[in-house]
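These notes concern the structure reproduced below.
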Amino acid sequence: MASVAPGPAVTKIFTSAPLLGFVPVAAEFKLFDILVTYGQPATVDQVIDAYKGSYGDGKALVPDDTLHAMAGLGLVESPAENTFSANALTQHLVAHPSALHGGIHFATEMLLASAFLLPKLRATNFAYPFRERETPFQFAHSQMGNERFAKSHMYSVMAECGRMASFNTFMTGKFFAVEDNAARLQNLGYDIRAVLQNPDIPATAIKMVDVGGGRGELLLHLRDALSDLNLTEQDLVVQEFNPDLGLTPGVTVMQWDYKAEAEAEEQPIKGAVIYHLAHVLHNLPDADAIRLLAKLRAAMAPYSRVLVHEFKRSTHMAFLHAAMIVAMGGRERSAEEFALLAREAGLRVAFQAFPERGDGVVELRV
1 MASVAPGPAV TKIFTSAPLL GFVPVAAEFK LFDILVTYGQ PATVDQVIDA
51 YKGSYGDGKA LVPDDTLHAM AGLGLVESPA ENTFSANALT QHLVAHPSAL
101 HGGIHFATEM LLASAFLLPK LRATNFAYPF RERETPFQFA HSQMGNERFA
151 KSHMYSVMAE CGRMASFNTF MTGKFFAVED NAARLQNLGY DIRAVLQNPD
201 IPATAIKMVD VGGGRGELLL HLRDALSDLN LTEQDLVVQE FNPDLGLTPG
251 VTVMQWDYKA EAEAEEQPIK GAVIYHLAHV LHNLPDADAI RLLAKLRAAM
301 APYSRVLVHE FKRSTHMAFL HAAMIVAMGG RERSAEEFAL LAREAGLRVA
351 FQAFPERGDG VVELRV
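Given below as structure tokens:
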């Protein structure tokens, strides 16, 4: 196989940012859906007619340049001049809407934060790592004169800008379907069934709490896989900042500000069997991650476990590591770094396993 010449390869990498800026525009005008539905190569005029026929809402149309940008990214094909068609990536974006919403997120909030990384470092004499709400994302808004957003967490900004519904859709399915959580844990050698069936657990103990658990998918996956345990809605609790996420029936939702610095915001559920943290710690700087783990430590019983579901820091996940840094001051972590966080919070690592790619699991005990 012939190797790619360095010059063109570097060019493709460094010039992709403007193309990514068109991804939200492509989503706004349903261009991927239109090409998939059309089923054959379509001219720009045909795409416009298809849009007007299905979504004729009078918006100004800019499909020409947007389709060229999507072809440049490889998300659609351009078999002839000003002619475009769906390819496998187009089909994937339509079949998995969460992937497209992820593209919007990375082409909006993450692209903005990334552009202000070096200016933020220079302005603070290269103070690093970043604190939460003091990242390049907030610095970008400060430089643009939006002081209110300059002091707000990215999620708060997204909520005020009407972006959270899209982001929650992304978080539900990410960029592609992944292994079922129960199967993943089994393949990693973790026996969650044995933990839940520990004879020392009192009958009144809540079985699983998913801190920052979004719409409850993790708990519902585990409930279905462990159907013989007859886990009820009262056994499964999702804790979120905003409990109004359209949760699927089958779980109990509770509002808990787990990021609050005040000691008064302690974990309200004492003695649960398992406290899940799925892609929560990577949002947090070390000090905030330790504070959250310490709150869980204070609520745990001797039989309790904290299960951390995260990627391990690796070159495969460098994009996510960088995203957490510039937007939230968080990071992906190594096995050693997870162990350090645990020790600082008064916990210990009792089990950990990470696949080459995908979510690992770290079990923490008192």
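Sequential numbering from 1 applies to the sequence shown in UniProt numbering.
We put the CB at the ideal spot given by N, CA and C, even for glycine.
The Cβ-Cβ distance between Ile274 and Arg305 falls below 8 Å. Shown here, Tyr275 sits in a strand according to DSSP, grouped into three states. With fewer than three CB-CB distances shorter than 8 Å, the segment 314–334 does not count as touching the segment 226–245. The residue among Ile34, Glu179, Pro24 with its C-alpha nearest the C-alpha of Asn87 is Ile34. Taking every protein chain shown into account, the CB of Asn181 has 16 or more other CB atoms within 10 angstroms, so this residue is buried. In the three-state DSSP reduction, Ser227 falls in the helix class (H, G or I). Counting C-beta pairs with one atom in each stretch, the segment 71–80 and the segment 13–32 have three or more that are closer than 8 Å, which means they touch. Rounded to whole angstroms, Gly21 and Ala71 show a C-alpha spacing of 13 Å. Counting C-beta pairs closer than 8 Å gives three or more between the segment 115–122 and the segment 134–148, which meets the contact rule. Within its own chain, the residues whose Cβ lies closer than 6 Å to the Cβ of His282, once the five positions on either side in sequence are excluded, are Glu310, Met324, Gly330, Glu332, listed in chain order. If you draw a straight line from the Cα of Glu233 to the Cα of Asp200, it comes to about 22 Å. Annotation for Asn187: no residue places its beta carbon closer than 7 Å to its own, counting only its chain and skipping 5 residues before and after.
In the structure shown, Gly346 adopts coil according to DSSP, grouped into three states. Following the DSSP letters along the chain, one finds Gln255 inside the beta strand (DSSP E) bounded by residues 252–255.
Taking all protein chains in view, the Cβ of Asp45 is surrounded by fewer than 16 other Cβ atoms within 10 Å, so the residue is classified as exposed. Residues Phe149 of the same chain have their beta carbon placed closer than 6 Å to that of Val157, with the five preceding and five following residues left out of the count.
Bounds of any alpha helix (DSSP H) do not take in Ser85; it lies within the beta strand (DSSP E) bounded by 83–85. Under the 10 Å beta carbon count, Tyr128 is surrounded by fewer than 16 other beta carbons and is classified as exposed. Secondary structure of Ala42 (DSSP, three-state): strand. In the DSSP secondary-structure assignment, Val362 is bridged to Val308, Gln352. Here Asp33 is not bridged, per DSSP, to any residue. Only residues of its own chain outside the window of five on either side were considered, and among them Ile192, Val361 have a CB closer than 7 Å to the CB of Leu185, listed in chain order. Gln143 sits in a helix when the DSSP states are folded into three classes.
Per DSSP, Asp180 lies in no alpha helix (DSSP H) and is assigned neither H nor E. Per DSSP, Glu265 has no beta bridge partner at all.
A contact between stretches requires three or more CB pairs, one per stretch, nearer than 8 Å, and the segment 289–306 fails this requirement with the segment 82–99.
In the displayed model, Ser78 falls within a strand according to three-state DSSP. Around the beta carbon of Lys312, a 10 Å sphere encloses 16 or more other beta carbons of the protein chains shown; the residue is thus reported as buried. Per the coordinates, the alpha-carbon of Ala287 lies some 13 Å from the alpha-carbon of Met328.
DSSP places Val238 inside the beta strand (DSSP E), whose first and last residues are 236–240.
Cβ contact annotation for Thr135 (same chain, cutoff 7 Å, sequence separation greater than five): Ala113, Val326, Ala327, Met328, Gly329, in chain order. Boundaries of the alpha helix (DSSP H) around Asp288: 286–299. Bounds of any alpha helix (DSSP H) do not take in Asp200, whose DSSP letter is neither H nor E. Here Lys151 is exposed: its Cβ has fewer than 16 other Cβ atoms, across all protein chains shown, within 10 Å. Judged by beta-carbon spacing, Leu231 lies beyond the 8 Å limit of Lys270, meaning their Cβ atoms are not closer than that value. Pairing Leu93 with Phe32 gives a Cβ-Cβ distance under 8 Å.
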